[in-house]
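Notes follow once the structure below has been shown.
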Amino acid sequence: MKIGLKYLSSIAAIFCVSGIGIQAQDSIKVLSLDDCIRLGLTQSAHILRSDDSVQITGAALLGAYGQFLPDLNFNSNYGYLGGSNLLTTTEPTLVNSRETQLNYQLTSTINIFNGFFNYATLKAAVLSKSASQYNLDRAKQQITYDITQTFLQVMLDREVVGYAQKNLDASTKREAQLQELTNVGRKSIADLYQQQAETSSDKLFEIQSEDKLKNDIILLLRKLKISQTDKYQIGNMTIDTLPLGVGYQNVQTLVDTAFAQRPDLKSSALNVRIADWQIQQYRSGYLPKLFLQGGLVSNGGYFTELYVNGEDVLGPQEPYDRALFGQIYGELTLNLSWHIFDRLYNKTNVDIATIEERNQEIEHEDLMVQISSDVKQAYNDYLAALEQITASTHGLVAAQQAFDVIQGQYNVGRADFVTLSNSQVALLQAQVNKARSDVNLALQKKIIDYYIAKQ
0 MKIGLKYLSS IAAIFCVSGI GIQAQDSIKV LSLDDCIRLG LTQSAHILRS DDSVQITGAA
60 LLGAYGQFLP DLNFNSNYGY LGGSNLLTTT EPTLVNSRET QLNYQLTSTI NIFNGFFNYA
120 TLKAAVLSKS ASQYNLDRAK QQITYDITQT FLQVMLDREV VGYAQKNLDA STKREAQLQE
180 LTNVGRKSIA DLYQQQAETS SDKLFEIQSE DKLKNDIILL LRKLKISQTD KYQIGNMTID
240 TLPLGVGYQN VQTLVDTAFA QRPDLKSSAL NVRIADWQIQ QYRSGYLPKL FLQGGLVSNG
300 GYFTELYVNG EDVLGPQEPY DRALFGQIYG ELTLNLSWHI FDRLYNKTNV DIATIEERNQ
360 EIEHEDLMVQ ISSDVKQAYN DYLAALEQIT ASTHGLVAAQ QAFDVIQGQY NVGRADFVTL
420 SNSQVALLQA QVNKARSDVN LALQKKIIDY YIAKQ
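Take 0 as the starting number for the sequence shown in numbering that gives the first Met the number 0 and just add one per residue.
Next comes the structure, spelled out in structure tokens:
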């Protein structure tokens, strides 16, 4: 018997260890708001594309720097010529030859002046690199705001589900009490029927609330590119309902802060400057261009046969390697070109680029107006959210007190069921309004921070 007990104990221990391993394997990861933001910033396609744009502008900037360096080119060809050729420049001469040829050249060109085209290209590339970085920064802020908004919605859904469940539980218990009181004749059957209808309505609200919570969790996880939704849970967070600090008391100060900090506004301002440098690029076509070119050239050859009118005239030659590789001479040229009339090509491009610069200025001005309007509207919404907190808090206290009084009166027969039902609905609505006001205030503060690009 003792051996059997030991054997069973060992088996049980093995199953416990196995169970622990399976549980660890299938563990659920709880995601906080910071976790969600971190995943969103690393998984977002918008972020990845913006980061690629920064890399592209970096490569373009390197290329713009490279235009100031001299280039280096090498060309070569190797061939064998053989056969007869009748020359008739002076008197007819028949030349029969066999020759190995090797030609090559090593050249380099330095751009001394090209109408400031390369300089304008470099300045535009530097600004484009900075603009792309600002766009990436704003994309990160957008993702952070979007994830935070969805996370807060999940928190609100969870609060509403909690109130819906408590409300349904209260209705279910009252229905059971009314069933017993109706059976002994202490309550009207009409009250029982009305409570049953109320319980069904509360059950429907609870189902809808839970369904919305589940769908919003799926939406949040989808934004994080998480497909295995059963492996993750959304953690809770404390909803901050405190007013903003001293720095948020003046709306114009917030607008000025937004103008100073918004990355997209900085990027827009750079786009105006980039457009101006692009005008300078096209204007360079009006000016002359000066290049310095130099290099080494070799035209080597080695005859194996040379007959002129049938007579062997092949004389002494340099050694084979020197004949092919030693015939080197250098050249240095200074090239000046000026396209005096180009059929209005440069003028057309300058005009188009000037219009594009004006469009960038218009977009920049529109963005400034939009930022000012967004900040002011968000600030008004924030002030309204503060008032809603006060109103919903008072409403919840009053609704709870009214429900407690009416429920007591109903229990002693001094209030009818309709009054009790209405007070319960009013209490549920007050609870939901309070939860919405809390989350709305937290969201409005995040919106202001998003609009002013708080660091």
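Even glycine gets a Cβ: it sits at the ideal position worked out from N, Cα and C.
Query - Same chain only: Cβ atoms within 6 Å of Gln251, ignoring 5 sequence neighbours per side - result: Non-local beta-carbon contacts of Gln251 in its own chain, meaning distances under 6 Å to residues more than five positions away in sequence, are absent.
**Report entry** Helix, strand or coil at Thr143 according to DSSP, with G and I counted as helix
**Finding:** The DSSP-derived three-state label of Thr143 is helix.
Query raised in the report: Where DSSP assigns a beta bridge to Phe290, which residues make up the other side?
Result: Asn110, Asn334
Query raised in the report: In or out: Gln423 buried (at least 16 other Cβ within 10 Å) or exposed?
Result: buried
**Report entry** Exposure of Lys172, with buried meaning 16 or more beta-carbon neighbours within 10 Å
**Finding:** exposed
Requested in this report: Give a yes or no on whether the C-beta atoms belonging to Gln279 and Phe302 are separated by under 8 Å.
Outcome: no
Requested in this report: Pick out the complete beta strand (DSSP E) segments inside the segment 298-336, 3 residues or longer, and give them in chain order.
Outcome: 327-336
Requested in this report: Pull up the distance between the alpha-carbon of Val271 and that of Gln148, whole angstroms please.
Outcome: 33 Å
Query raised in the report: Helix, strand or coil: how does DSSP classify Glu90 here?
Result: Coil.
Requested in this report: Would you mind giving the Cβ-Cβ distance between Ala377 and Ile447, rounded to the nearest angstrom? I have them listed as a contact below 8 Å.
Outcome: 5 Å
Query - The beta strand (DSSP E) enclosing Tyr232, as first and last residue numbers - result: According to the sequence provided, residue 232 is Gln. The question's Tyr does not apply to it. Gln232 -> beta strand (DSSP E) spans 231-233.
Query raised in the report: Leaving out five residues before and five after Ser436 in sequence, what residues of the same chain have Cβ atoms less than 6 Å from its Cβ?
Result: Gln387, Ile388, Ser391
Requested in this report: Find the nearest neighbour of Ala434 within the set Val183, Thr92, Tyr133, Val159, judged by alpha-carbon distance.
Outcome: If we check each option's Cα against that of Ala434, Val159 comes out closest.
Query raised in the report: So what's Phe73 in DSSP terms, helix, strand or just coil?
Result: strand
Query raised in the report: Could you give the C-beta distance for Gln164 and Glu205, rounded to a whole number, given that I count them as a contact under 8 Å?
Result: 6 Å
**Report entry** Supposed close pair Ile146, Ile36 - CB separation, criterion 8 Å
**Finding:** That belief holds up - the Cβ atoms of Ile146 and Ile36 are roughly 5 Å apart, short of 8 Å.
Query raised in the report: Taking just the CA atoms, how far does Ser31 sit from Ala44?
Result: 21 Å
Report task. Could you name the residues of the same chain whose beta carbon sits closer than 7 Å to that of Ala23, not counting the 5 residues immediately before and after it, in chain order? Result -> Because the pLDDT at Ala23 is just 44, under 50, the model does not fix this residue reliably, and the value given afterwards should be weighed accordingly. The answer is none, since no qualifying residue turns up.
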